[in-house]
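Asker: Supplied in C-alpha cells, the structure appears directly below.
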Amino acid sequence: MALQELPDDAPGRLVPYDRRPYYNPDPLPPDSELQFEKEFYEMLSEATFWLGKLSGFSLTTDFAPVLYTSLLRKEAMESSEIEGADIDYNALYSFETRSLDRSGTIGEQAAAIDETKDVQEVLNYERALESGINALDHGEEVSIDLLHTLHKTLLTDVPENRRETDTIGEFKTVPNHLGEFVPPVPSAVDGLMAALMTYIRTGGSYHPLIDIALTHYQFETIHPYGDGNGRLGRLLITLQLYDQDYLEQPTLYLSEYFNRYKETYVDRMNAIRKYGEWEAWVEFFVTGIRHQAEESLLRSRDLHSLQQDYKATYGDTSAAYAELACTLFEQPYLTANVVQELLDVTGPTAYRAIDQLEEEGVLEETTGKERNREYRAREIFEILERPPRTY
1 MALQELPDDA PGRLVPYDRR PYYNPDPLPP DSELQFEKEF YEMLSEATFW
51 LGKLSGFSLT TDFAPVLYTS LLRKEAMESS EIEGADIDYN ALYSFETRSL
101 DRSGTIGEQA AAIDETKDVQ EVLNYERALE SGINALDHGE EVSIDLLHTL
151 HKTLLTDVPE NRRETDTIGE FKTVPNHLGE FVPPVPSAVD GLMAALMTYI
201 RTGGSYHPLI DIALTHYQFE TIHPYGDGNG RLGRLLITLQ LYDQDYLEQP
251 TLYLSEYFNR YKETYVDRMN AIRKYGEWEA WVEFFVTGIR HQAEESLLRS
301 RDLHSLQQDY KATYGDTSAA YAELACTLFE QPYLTANVVQ ELLDVTGPTA
351 YRAIDQLEEE GVLEETTGKE RNREYRAREI FEILERPPRT Y
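So for the sequence shown, the UniProt record's numbering puts the first residue at 1; every next one is plus one.
Next up, the structure:
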C-alpha cells in the first residue's frame, strides 16, 4: 500500500524521508473509543471460552511430549510458511531423528543437514518460543531486551538467502519496506517501541484479547527489525496470551489462521493505517483466536485419545513392538537405530518391532529407500496434518 496522503483522522502521519515518506503510527490506544456490535462480544466470549477449555485440558491431562512439542511445532511451521518457507512435519522430524541416529557416516550426516537446512528457521522459532515462555516463568516481563534476545534466536544460523538483514538481536539500522508501504525509519523506532512496551506493561485499555490485537498491529506497523518482524510479532501473541494466563501451554497455533487468510490479514492492517478501521482488524483477530483455540483443543483431545487407545492395546504386553507403540508419543519419528537406543534392544529385535507395527498400520516408512529407512507414527501425524475443522 503506497501512502501518498492520509485523511486527517488516520491513526498515523506521513513523515517526509528520502524519495518516499514513511508512516509513523500514533501511540496506543486509538484516539477514538472502539465500537463493536453485539455479535463481536459474543465472539469475544467464545474466544475466551475456548481458550479456557484448552488451558483446562492442559492442566488436567497427562500431557504427552508429542502433544506439547508437535502443537508448538505446528505454530512454528505455519509462521515460517507465511514468510515463504516450504516445510512439513516429515522434514522437521527427519532432521531431528537423523541427528539422533549416529550410525551414518560423517558424509551422510553432512548431506542430511545440507538437505534440510531450511528447517533451521522453524526450529529457531520453536526454540525462541520456548525461551520466551521460560523467561516469563522466571519472572521476566515482555520487554525490548527480551524481544532482542528472541530475535537473535529466530535468525541465528538461518541461511543468508532466507535472511534480509545482518542486524540480529537489535533494531534495524537501515529502512525497510513492506511492498509499497514504508514503516518507521530506524531513528523513529526506539521511541515507538518504548511506547508500545509501556502500553503492554500497563495493561492496555481494553479487554486483554482486544489489546493483544492492537499491540500486534502496532508491532507489525513499526516493523522494528531488519527481518523476522512477522515471526517475532506472531510469537509475541503467544507470549502475551501465556503472560495473561489464557494459555497453560504454548499450544495455540494462531499462525494457521493467519496463513489461511493472509490477504485479509494484510488488508485489515492496511485499513487501519489509512482509514482507522480498528474494529474490523480486532474482529478478524479475535475470530482467529476463537477458532484456533478450538482447533488446538480438538487435536489435543484426539492425540490424547489415541495415546489411551495405544495404552489399552499394547500397555499390558512386554514385547518390544508393544513397548515401541507406547513410546511413539515421546518419539513419533524414528529409525531402526533410534529404536535400538530407545528400547535398549538388539538390531534384529528393533527391526522385528518396526515390522510388526508397520504391518498393523501403526508405523509407515517415509523415504521409499532400501537403506537408511525412516518411519513415522501414521495415526499421530494424520491428526497433526489434517486441515482445520472449525472454519
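Cβ atoms here follow ideal geometry from the backbone N, Cα and C, with glycine treated the same way. Please read these numbers as outputs of a predicted model, since none were measured by experiment.
#1: Can you say whether S255 is buried or exposed, counting buried as having 16 or more other CB atoms within 10 angstroms of its CB?
#2: Going by DSSP, what residues sit across from Y23 in a beta bridge?
#3: In angstroms with no decimal places, state the Cα-to-Cα distance between R378 and E364.
#4: Which of the three DSSP states, helix, strand or coil, is assigned to F329?
#5: What's the C-alpha gap between A194 and L147?
#6: Does DSSP put A377 in a helix, in a strand, or in coil?
#7: Considering only C-alpha positions, which residue in the set R13, M77, P224 is nearest to L252?
#8: Quick check: what's the CA-CA separation for K289 versus P7?
#9: Could you check the C-alpha separation between E330 and F181 for me, to the nearest Å?
#10: Pull the bridge partners of F95 from the DSSP assignment, please.
#11: Please identify the residue among I168, T335, D344 whose C-alpha is closest to the C-alpha of E323.
#12: Considering only the alpha carbon of each residue, which of D137, E360, E385, L14 lies closest to residue 462?
#13: Take the Cβ of Y23 as the centre, count every other Cβ of all protein chains shown within 10 Å, and call the residue buried at 16 or more, exposed below.
#14: So within the segment 21–76, which uninterrupted beta strand (DSSP E) runs reach at least 3 residues, ignoring any that extend past its ends?
#15: Can you grab the Cα-Cα spacing for the pair E228 / H304, in whole Å?
Answerer: In terms of the structure at hand:
#1: As a first step, residue 255 is located in the sequence shown; it is residue number 255 there, counting from the start. Buried, by the Cβ-count rule.
#2: Here residue 23 is taken as the residue at index 23 of the sequence shown, counted from 1. In the DSSP assignment, the residues bridged to Y23 are L14.
#3: As a first step, residue 378 must be located in the sequence shown, where it is residue number 378. As a first step, residue 364 must be located in the sequence shown, where it is residue number 364. Using only the alpha carbons, I get a separation of about 6 Å.
#4: As a position in the sequence shown, residue 329 is number 329, starting the count at 1. F329: coil per DSSP, three-state reduction.
#5: Here residue 194 is taken as the residue at index 194 of the sequence shown, counted from 1. Here residue 147 is taken as the residue at index 147 of the sequence shown, counted from 1. Roughly 12 Å between the two C-alpha positions.
#6: Taking the sequence shown and counting its residues from 1, one reaches residue 377 at position 377. Three-state DSSP puts A377 in a strand.
#7: Looking up residue 252 in the sequence shown gives position 252. Per the Cα distances, M77.
#8: Within the sequence shown, the letter at position 289 stands for residue 289. Within the sequence shown, the letter at position 7 stands for residue 7. In the sequence as displayed, the identity of residue 289 is Ile instead of Lys. Distance between the alpha carbons of I289 and P7 is about 31 Å.
#9: Locating residue 330 in the sequence shown gives position 330, where the first residue counts as 1. Locating residue 181 in the sequence shown gives position 181, where the first residue counts as 1. Separation of E330 and F181 (C-alpha to C-alpha, rounded to the nearest whole angstrom) is 45 Å.
#10: Taking the first residue of the sequence shown as 1, we reach residue 95 at position 95. F95 is not bridged to any residue.
#11: Indexing the sequence shown from 1 puts residue 323 at position 323. Nearest C-alpha to E323: D344.
#12: With the chain represented from 1 up to 391, any question about residue 462 goes unanswered, as that position is not in the structure.
#13: In the sequence shown, the residue the question calls residue 23 occupies position 23. So Y23 counts as buried.
#14: 22–25
#15: Position 228 of the sequence shown holds residue 228. Position 304 of the sequence shown holds residue 304. Reading off the sequence shown, one finds Gly at residue 228, where the question assumed Glu. Their backbone Cα atoms lie some 34 Å apart in a straight line.
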